[in-house]
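Here is the structure we will look at.
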Amino acid sequence: MMRELPIGVFDSGIGGLTVVRQLRKALPSEDIVYLGDTARVPYGTKSPSTVVRFACEDTQFLLQQNVKAVVVACNTCSAWALPMLEKKFSVPVFGVILPGVRAALERTRNRRIGIIGTSATIRSKAYSNGILARCDTAKVFARPCPLLVPLVEEGWIRHRVTNTVLQEYLQPLVRHRIDTLILGCTHYPLIKGAIRQVAGPGVVLIDSAESCALYVRERLEQMKLVALNRRRAGTIQPFVTDETDRFAEIAAKFLGTATEPPWRVDLTAMTYMSAHK
Ligand code: DGL
C-alpha cells in the first residue's frame, strides 16, 4: 500500500534534520528516509543551475528508496528547484516556502514581513514573490545572512559573536518595523532564542521547519497518504554522501533523538556502503 511507504526528506546536509524533528512531532508514526548531501554542502552559496541539478539527483535517490512523497527540507532547493521537481517527478513533492509564506501572512498584523536565508534563497525572491502574490499590500524586507550557517555548524548557538552578527543582520529589518520574520533556512531554528533576543518581543518568528511539517501532514491527509493503524513510532533512516563519523553527534543536536545507523551513498554511482564498516 502506497500509504505505508516512508516519506523521503532531503537537504544539502544535516540541517534538514530540523524539518525531520518537526515531522516527527506532526506525524509520529511515519517512517522517514533522510538524505543529507554532506559531500556537497553548502548549496546556499551555489548558482541556481547547480542547486537545481543537485536537487534533482537528491530526489532521484529518494525515489529509488521507494518513498511515497518527497519533502524538500532545504530552503535553497525549495526556492530554486521546487517547480522543476514537481514537474519532473511523479510523487508529491513538498517544499518549505509556501508553508512559511502562509504562516507569515496568518500572523502578521502590520503586513511588514522580514525574511532571512542563504544568499541563494534571498536571491531567488521565492519568499518575497510568494508573499506579494497572496497580499499585494504587504511590505517585504529580505536579507541574506551567509555567516549564520557556519556559526550554527560550529555550535556557536549562544555565543557573543553570533549575537553581534545577528545584530548586524537584523537591525535594519527591525528598523523597518517588521512584526513577522521568516526563518528561511534549515539552521535558523537552532538559534531561535538568539534571534528572538535581537529581533525583540514584538516580532513573531516563523519557523519554516515547523510550518512545513504541519503543511505536509495536511496534504498527506488530503491525499489519503498517511500510514494507517500504526502503533509503533516511525523510524528514521539517514543517508549521507560524505563520511558518517560525526553524524550521530550532529544529528542529536539537530534532531534531539536517535536514528538508525546512517549509510553512506554515492549519488553519481548510486552504490551504498554501510556506515559502520
Ligand atoms: N540547507 C540550506 C538551506 O536551508 C542551508 C545550508 C546550505 O547552504 O546548504 O537553505
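With the numbering used here as the guide, the letters of the sequence shown map in order to residues -4 to 272. Every residue, glycine too, gets a C-beta built ideally from N, C-alpha and C.
Inset, instruction - Starting from ILE152, follow the beta strand (DSSP E) in both directions and report where the run begins and ends. - result: Position 157 of the sequence shown, counted from the start, is the residue given in the question as residue 152. It is not in any beta strand (DSSP E) - ILE152 carries neither H nor E in the DSSP assignment.
Inset, instruction - Would you check whether the ligand DGL has a heavy atom nearer than 7 Å to the C-beta of PRO37? - result: Taking the first residue of the sequence shown as position 1, residue 37 is located at position 42. Because some heavy atom of the ligand DGL lies under 7 Å away, the Cβ of PRO37 counts as near it: yes.
Inset, instruction - Give a single yes or no on whether ASN70 has its beta carbon closer than 7 Å to a heavy atom of the ligand DGL. - result: Start at 1 with the first residue of the sequence shown, and residue 70 comes out as number 75. Yes, the ligand DGL has a heavy atom inside 7 Å of this Cβ.
Legend entry - heavy atom of the ligand DGL below 7 Å from THR181 C-beta: Taking the first residue of the sequence shown as position 1, residue 181 is located at position 186. Yes, since a heavy atom of the ligand DGL falls inside the 7 Å radius drawn around the Cβ of THR181.
Legend entry - CA-to-CA distance, GLU238 to GLU148, given in whole angstroms: In the sequence shown, the residue the question calls residue 148 occupies position 153. In the sequence shown, the residue the question calls residue 238 occupies position 243. Between GLU148 and GLU238, the C-alpha separation is close to 16 Å.
Legend entry - Three-state secondary structure (DSSP) of GLY8: Looking up residue 8 in the sequence shown gives position 13. Of the three classes helix, strand and coil, the one that applies to GLY8 here is coil, per DSSP.
Legend entry - Selection from THR113, GLU(-1), ILE152 and ARG155 that minimises the alpha carbon distance to ALA137: Translated into the one-based positions of the sequence shown, residue 137 becomes position 142. It is THR113.
Inset, instruction - Indicate whether the contact test is met: 3 or more Cβ pairs, each with one atom in the stretch 113 to 125 and one in the stretch 150 to 157, closer than 8 Å. - result: no
Inset, instruction - Would you decide whether GLY251 is buried or exposed? Buried here means 16 or more other CB atoms lie within 10 Å of its CB. - result: In the sequence shown, the residue the question calls residue 251 occupies position 256. So GLY251 ends up on the exposed side.
Inset, instruction - Tell me whether GLY195 sits in a helix, a strand or coil according to DSSP, three-state version. - result: Here residue 195 is taken as the residue at index 200 of the sequence shown, counted from 1. Correct three-state label for GLY195: coil.
Inset, instruction - Please classify PHE136: does DSSP put it in a helix, a strand, or coil? - result: As a working mapping, residue 136 is identified with position 141 in the sequence shown. Note: PHE136 maps to strand in three-state DSSP.
Inset, instruction - Go through its chain and collect everything with a Cβ distance to GLY3's Cβ below 6 Å, but skip five positions before and after it. - result: The count along the sequence shown starts at 1 and reaches residue 3 at position 8. Answer for GLY3: VAL28, LEU57, VAL62 and VAL65, listed in chain order.
Legend entry - C-alpha gap between LEU12 and GLU163, whole angstroms: The residue you call residue 12 lines up with position 17 of the sequence shown. The residue you call residue 163 lines up with position 168 of the sequence shown. Near 27 Å, if we compare the C-alpha coordinates of GLU163 and LEU12.
Inset, instruction - Return the chain-ordered list of same chain residues with a C-beta closer than 6 Å to the C-beta of ARG102, the five sequence neighbours on each side being excluded. - result: By one-based count along the sequence shown, residue 102 stands at place 107. So the list reads THR175 and VAL199, once near-sequence residues are dropped.
Inset, instruction - State yes or no: is the C-beta of THR54 nearer than 7 Å to some heavy atom of the ligand DGL? - result: The residue labelled residue 54 in the question sits at position 59 within the sequence shown. No.
Inset, instruction - Quick one: residues in its chain with C-beta nearer than 6 Å to the C-beta of GLY90, no 5 flanking neighbours on either side, listed in chain order? - result: Residue mapping note: residue 90 aligns to position 95 of the sequence shown, counting from 1. Only VAL67, SER73 and LEU77 meet the Cβ criterion.
Inset, instruction - Please indicate yes or no: does the CB of SER119 lie closer than 7 Å to some heavy atom of the ligand DGL? - result: Here residue 119 refers to the residue found at position 124 of the sequence shown. Incorrect: SER119 has no Cβ contact closer than 7 Å to the ligand DGL.
Inset, instruction - State yes or no: is the C-beta of LEU142 within less than 8 Å of the C-beta of ARG(-2)? - result: Your numbering for residue 142 matches position 147 in the sequence shown. Your numbering for residue -2 matches position 3 in the sequence shown. Cβ atoms of LEU142 and ARG(-2): not closer than 8 Å.
Inset, instruction - Could you tell me which residues DSSP pairs with ILE111 in its beta bridges? - result: The count along the sequence shown starts at 1 and reaches residue 111 at position 116. Note: ILE111 sits in a beta bridge opposite ARG138 and LEU178.
Inset, instruction - Report all residues from its chain with a CB closer than 8 Å to the CB of ALA133; omit the five preceding and five following residues, and keep chain order. - result: Residue numbering aside, residue 133 sits at position 138 when the sequence shown is read from its first letter. Once the five neighbours on either side are set aside, the close Cβ partners of ALA133 are LEU100, THR103, ARG106, ARG107, ILE108, ILE126 and LEU127.
Inset, instruction - Jot down the residue ranges of each uninterrupted beta strand (DSSP E) in the stretch 31 to 96, minimum 3 residues, whole runs only, in chain order. - result: Taken in chain order, the whole beta strand (DSSP E) runs of length 3 or more contained in the stretch 31 to 96 are 64 to 67.
Inset, instruction - Return the chain-ordered list of same chain residues with a C-beta closer than 6 Å to the C-beta of GLY31, the five sequence neighbours on each side being excluded. - result: Here residue 31 refers to the residue found at position 36 when the sequence shown is read from its first residue. ASP6, GLY8, ILE9 and VAL235, listed in sequence order.
Inset, instruction - Pick out whichever of ALA243, GLN55, ARG129 and VAL88 has its Cα sitting closest to the Cα of ALA253. - result: Residue 253 sits at position 258 when you count from the first residue of the sequence shown. Minimum Cα distance to ALA253 is reached at ALA243.
Inset, instruction - State the start and end residues of the unbroken beta strand (DSSP E) segment that holds ARG259. - result: Position 264 of the sequence shown holds residue 259. ARG259 -> beta strand (DSSP E) spans 258 to 261.
Inset, instruction - State the beta-bridge partners of GLY3 as determined by DSSP. - result: As a first step, residue 3 is located in the sequence shown; it is residue number 8 there, counting from the start. Per DSSP, VAL28 and VAL65.
Inset, instruction - Spell out whether any CB of chain D is found under 8 Å from the CB atom of VAL198. - result: No chain D is part of this structure, which consists of one protein chain only.
Inset, instruction - Give the single residue among ARG35, ARG191 and PRO257 whose Cα lies nearest to the Cα of ASP240. - result: The residue you call residue 240 lines up with position 245 of the sequence shown. Cα-wise, what sits closest to ASP240 is PRO257.
Inset, instruction - Mind reading off the beta-carbon distance from GLN17 to GLU205? Whole number of angstroms is fine, and I expect it under 8 Å. - result: The residue you call residue 17 lines up with position 22 of the sequence shown. The residue you call residue 205 lines up with position 210 of the sequence shown. Contact between GLN17 and GLU205 holds, since their C-beta atoms are separated by about 5 Å, short of 8 Å.
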